[in-house]
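**Q**
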Ligand code: IMP
Ligand code: MG
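Numbering (the working numbering), first residue to last: 40 to 208.
1) Using a Cβ-Cβ cut-off of 7 Å, state whether residue 176 counts as contacting chain B.
2) From residue 162 to residue 173, what does the alpha carbon distance come to, in whole angstroms?
3) Hey, how far is the Cα of residue 134 from the Cα of residue 63?
4) Cα separation between residue 202 and residue 152?
5) Can you list the alpha helix (DSSP H) stretches of 4 or more residues lying completely in the region 46-129, in chain order?
6) With distance defined between alpha-carbon atoms, name the residue in 145, 84, 123 and 128 nearest to residue 114.
7) So, are the CB atoms of residue 127 and residue 155 less than 7 Å apart?
8) Between the region 85-93 and the region 50-67, are three or more C-beta pairs nearer than 8 Å?
9) Which residue comes first and which comes last in the alpha helix (DSSP H) that contains residue 147?
10) If we count the other Cβ atoms within 10 Å of its Cβ and call it buried at 16 or more, is residue 111 buried or exposed?
11) Going by Cα to Cα distance, which pick from 41, 170, 182 and 176 is closest to residue 131?
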């Protein structure tokens, strides 16, 4: 396992993003929607940095089978909140092709939220197939398959406290 981003660096960035959200959403009571499963650790650390009133919800989607994208995005568990006229912040672990996020944004926009922000810990810029505008972004990374800090390879490695690359690949 090769360490790409160590815990200390991740947590510093998470703190910065949390402070920006505190500044941007005072008196707005946003709904923070974590995209499961990958975002759970990022979301948990991020929420600890947030000191304004927020609500938390989850949505689960899957598009990956092991290391390879199946190309098809499937909705698992849907959100349970009413997001109409609300400010929502969609929290992702990583944006690769952008297809997952595009699928979610299209779904959410049908429900007419007041505003939609995108917050992702990682971005593989070179892999983008659809245009995504980040409101909050942690790190741009090269087009390598990463694991840890919530991210998996075949459901393994989610528990690592750093972002790593398996076998240097
Ligand atoms: P996209 O639809 O291609 O943007 O892929 C987004 C989803 O695929 C992310 O939310 C992750 O769950 C998963 N994914 C993409 N790249 C990686 C990676 O390098 N490691 C682990 N999961 C990944
Ligand atoms: Mg994800």
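Note that beta-carbon positions come from the ideal geometry of N, C-alpha and C, so glycine has one too.
**A** Taking the definition as stated:
1) The displayed structure is made up of one protein chain only, and chain B is not part of it.
2) In the chain shown, residue 162 corresponds to position 123, counting from 1. In the chain shown, residue 173 corresponds to position 134, counting from 1. Roughly 9 Å between the two C-alpha positions.
3) Against the chain shown, residue 134 aligns to sequence position 95. Against the chain shown, residue 63 aligns to sequence position 24. Residue 134 and residue 63: Cα-Cα distance of roughly 22 Å.
4) Taking the first residue of the chain shown as position 1, residue 202 is located at position 163. Taking the first residue of the chain shown as position 1, residue 152 is located at position 113. Counting only the Cα atoms, residue 152 lies some 32 Å from residue 202.
5) Unbroken alpha helix (DSSP H) stretches of 4 residues or longer found wholly inside the region 46-129: 46-63 and 79-88, given in chain order.
6) Taking the first residue of the chain shown as position 1, residue 114 is located at position 75. Taking only the C-alpha atoms, the option nearest residue 114 is 145.
7) Within the chain shown, the letter at position 88 stands for residue 127. Within the chain shown, the letter at position 116 stands for residue 155. Yes, these two residues count as a Cβ contact at 7 Å.
8) Yes, the region 85-93 touches the region 50-67.
9) Here residue 147 refers to the residue found at position 108 when the chain shown is read from its first residue. Per DSSP, the continuous alpha helix (DSSP H) segment holding residue 147 begins and ends at 138-148.
10) Taking the first residue of the chain shown as 1, we reach residue 111 at position 72. With a threshold of 16 other beta carbon atoms within 10 Å, residue 111 falls short and is exposed.
11) Residue numbering aside, residue 131 sits at position 92 when the chain shown is read from its first letter. The option with the nearest alpha carbon to residue 131 is 176.
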